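Colleague: I have a structure here, written as structure tokens, and I will follow up with some questions on it.
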């Protein structure tokens, strides 16, 4: 038999106690706790449960299998690293790309993202159920569509040497638009430091504080975070503590006025 134990925890600023589950089953996440509370007749929102569990150190700490997102043991052509010592001087000068994974109840979702290093803006992304060339290609197509008005002269696309980025379809798309190809050296973690920083921000400020029940929920939340939070509202120290979208608007405005 499963026994559910409650104990009252006083929230900061609250004048009353709320009941929070302390379970014999430490693998319960906050959504499952919320459902169990509902089953017990407690009317409580899952966001409130998450907050209270977090404040009282009751959230599940995940130690899970980490899927491999970079498979470089292929026979496809790899390209030299052109990003390592590059001084990025304008928009559409250097794009960096990377892939990460998102935990879901029935497996994983995979996120491919592309950033413009000059502005730190995420200009292309795709969340999919499979880690394949189409995932990265869809992110690339979004980036190309969103930046075509700027032109691609002198643009370098940098990635690791994983099979998704070395695939013929991906290379052909880059060449179609005259985009110069750059890849990290074997076993070199550098150059994707910028992309990895973006992924860390996404994980810490969005993914880790949620527990997505479905792929669709993960997609909606991540779309909102990238498009409306990270790009439009989040301040970045490297660009003067303004959001990427605001920084780009200022750059383009100066360019239109021929200002230095």
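Residue numbers (this note's numbering): -19 to 240. C-beta: ideal position from N, C-alpha, C; glycine also. These figures come from a predicted structure and were not determined experimentally.
(1) Cα separation between residue 229 and residue 71?
(2) DSSP beta-bridge partners for residue 88?
(3) Tell whether a beta-carbon distance below 8 angstroms holds between residue 93 and residue 175.
(4) What is the rounded straight-line gap between the Cα of residue 214 and the Cα of residue 224?
(5) Express the C-alpha separation of residue 76 and residue 206 in angstroms, rounding to a whole number.
(6) Can you tell me where the beta strand (DSSP E) holding residue 218 begins and where it ends?
(7) Quick check: the Cα distance between residue 86 and residue 73, rounded to an integer number of angstroms?
(8) Taking Cβ positions, are residue 253 and residue 144 nearer each other than 8 angstroms?
(9) Which of the three DSSP states, helix, strand or coil, is assigned to residue 242?
(10) What is the rounded straight-line gap between the Cα of residue 31 and the Cα of residue 182?
(11) Assuming contact is defined by CB atoms lying nearer than 8 angstroms, are residue 63 and residue 162 in contact in what I supplied?
(12) Quick check on the DSSP output: the alpha helix (DSSP H) that includes residue 177 runs from which residue to which?
(13) Using only alpha-carbon positions, find the residue among 107, 140 and 194 that is nearest to residue 61.
(14) On the CB-based measure, 16 or more other CB atoms within 10 Å of its CB, does residue 194 come out buried or exposed?
(15) By how many angstroms is the C-alpha of residue 83 removed from the C-alpha of residue 185?
(16) If you drop the 5 nearest sequence neighbours on each side, which residues of the same chain put their C-beta closer than 6 angstroms to that of residue 232?
(17) Tell whether a beta-carbon distance below 8 angstroms holds between residue 81 and residue 116.
(18) If you reduce the DSSP assignment to three classes, tell me which class residue 65 lands in.
(19) Looking only at its own chain, which residues have a Cβ that is under 6 angstroms from the Cβ of residue 159, when we skip the five neighbours before and after it?
(20) Determine the direct distance from the alpha carbon of residue 34 to that of residue 190, and round the result to whole angstroms.
(21) Can you tell me whether DSSP reads residue 95 as helix, strand or coil?
(22) Measure from the alpha carbon of residue 112 to the alpha carbon of each residue in 209, 95, 125 and 91, then state which is nearest.
(23) Take residue 97 as the anchor and find which of 235, 234, 236 and 211 has the nearest alpha-carbon.
(24) Starting from residue 143, trace the alpha helix (DSSP H) in both directions and tell me its first and last residue.
(25) Inspect the beta-carbon positions of residue 101 and residue 95 and report whether they are closer than 8 angstroms.
(26) Using three-state DSSP, classify residue 241 as helix, strand or coil.
(27) Rounded to whole angstroms, what is the Cα-Cα separation between residue 209 and residue 153?
Modeller: Considering the structure as presented:
(1) 11 angstroms
(2) 83
(3) yes
(4) 8 angstroms
(5) 16 angstroms
(6) Run containing residue 218: none; DSSP gives neither H nor E here.
(7) 39 angstroms
(8) Summary: the structure shown does not reach residue 253, with the chain confined to residues -19 through 240, and so no result is reported for it.
(9) Past the edges of the chain, shown from -19 to 240, lies residue 242, and the structure says nothing about it.
(10) 19 angstroms
(11) yes
(12) 173 to 182
(13) 140
(14) exposed
(15) 15 angstroms
(16) none
(17) no
(18) coil
(19) 132, 135 and 137
(20) 11 angstroms
(21) strand
(22) 91
(23) 211
(24) 143 to 146
(25) yes
(26) Missing from the structure shown is residue 241; the chain here goes from -19 to 240 and no further.
(27) 29 angstroms
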